[in-house]
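In UniProt numbering, the protein residues as written are 1 to 213.
Where is the CB? At the ideal position from N, CA and C, for every residue including glycine.
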Amino acid sequence: MHAITRSGWIEVISGSMFSGKTEELLRRLRRSEIAGQSVAVYKPAVDDRYGETTIGSHTGRQWEATVVDNEGDGPLDILDDDPAEVVAIDEANFFSEALIEVCNTLADRGSRVIVSGTDQTFRGEPFEPLPRIMATAEYVDKLQAICSVCGEPASRNQRLIEGEPAHTDDPTILVGAEESYEARCRDCHVLLTGDRPEGERPFEGAEADHAND
Ligand SMILES: Nc1ncnc2c1ncn2[C@@H]1O[C@H](COP(=O)(O)OP(=O)(O)O)[C@@H](O)[C@H]1O
Ligand SMILES: Cc1cn([C@H]2C[C@H](O)[C@@H](COP(=O)(O)O)O2)c(=O)[nH]c1=O
Ligand SMILES: [Zn+2]
């Protein structure tokens with residue numbers, strides 16, 4: 001909290017998948033702990049890649065987290081009431097827009113709020129609520145990975161279904177990592193558009209009725 005105003009602030013760590021967002025979040029949390037500050041970490045229930053109650057990076061580092069039901073507004077109340085000096089929210093791209101107000105309420109009350117998540121869907125469009133949180137945050141770091149095709153900096157998320165680029169009609173939400181996504185630059189990012197071939201149906205392996213769809 002700021003010494004004079006006693007208000008907190010919002011920090012966003014965003015960018016493409018594999019860009020090091022979770023590693024950076026874990027680095028900031030370790031430093032807060034060394035400073036003796038109280039830390040609370042939240043993650044959405046939909047992302048179970050690293051076990052129920054941990055957040056984890058693609059390199060295997062982990063931190064204990066409270067799992068929050070990311071669908072609807074009600075369960076976010078747990079987060080809203082958190083008195084911790086540092087409140088971190090990982091995978092913010094899975095939350096509804098209710099997260100925007102929660103982050104601002106916590107910051108108004110004096111917490112340092114660290115929000116991490118990817119800011120673009122596999123279509124290269126804004127992945128709410130991240131872009132709106134970025135607009136209201138005090139600090140924003142947008143990280144880039146390495147394009148898996150050309151080796152340039154990568155800002156986009158390439159979704160691959162059985163090795164082929166995803167179609168623009170596919171559902172927004174598909175939890176995954178290397179098996180379904182690659183980091184790519186603007187030039188190497190590919191999205192299938194237009195009519196699907198006769199008889200081919202949209203990919204159905206994703207979560208239905210999500211707030212961001
Ligand atoms: N294309 C890539 N570009 C950069 N790092 C990559 C790539 N693919 C895998 N990695 C690994 O992923 C790590 C970042 O993991 P993580 O912090 O979980 O990323 P994020 O949370 O942004 O998805 C890097 O340090 C690196 O070891
Ligand atoms: C682009 C995109 C991503 N997702 C999912 C895939 C992963 O589970 C997370 C991002 O994880 P990371 O920590 O940033 O690597 O989001 C999705 O559901 N839809 C998308 O369009
Ligand atoms: Zn490229």
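Beta-bridge partners assigned by DSSP to residue 44: 68. For residue 54, the three-state secondary structure derived from DSSP is strand.
Residue pairing by DSSP places residue 158 opposite 182 in a beta bridge.
Inter-residue distance for residue 119 and residue 102 is about 18 Å (C-alpha atoms, whole angstroms).
Residue 184 and residue 5 have their C-alpha atoms roughly 42 Å apart. In the structure shown, the three-state DSSP call for residue 85 is coil.
Here the region 105-116 makes contact with the region 83-92; the two share three or more CB pairs at distances below 8 Å.
In this structure, the C-beta of residue 182 stays at least 7 Å away from each heavy atom of ligand 3. If you ignore the 5 residues before and after residue 141, its C-beta comes within less than 6 Å of the C-beta of 13, all in its own chain and listed in chain order. Considered as a whole, the region 88-112 harbours 98-109 as its complete alpha helix (DSSP H) runs of no fewer than 4 residues, in chain order. Within the chosen limit of 7 Å, ligand 3 reaches the beta carbon of residue 152 through at least one heavy atom. Between residue 94 and residue 46, the beta carbon gap of about 5 Å places them in contact (Cβ cut-off 8 Å). If you look at residue 133, you'll find it in the alpha helix (DSSP H) that goes 130-136. Relative to the Cα of residue 16, the nearest Cα in the group 132, 191, 139 and 116 belongs to 116.
Under the three-pair Cβ rule at 8 Å, the region 175-195 counts as touching the region 147-157.
According to the DSSP secondary-structure assignment, residue 189 is paired through a beta bridge with no residue. Secondary structure of residue 25 (DSSP, three-state): helix.
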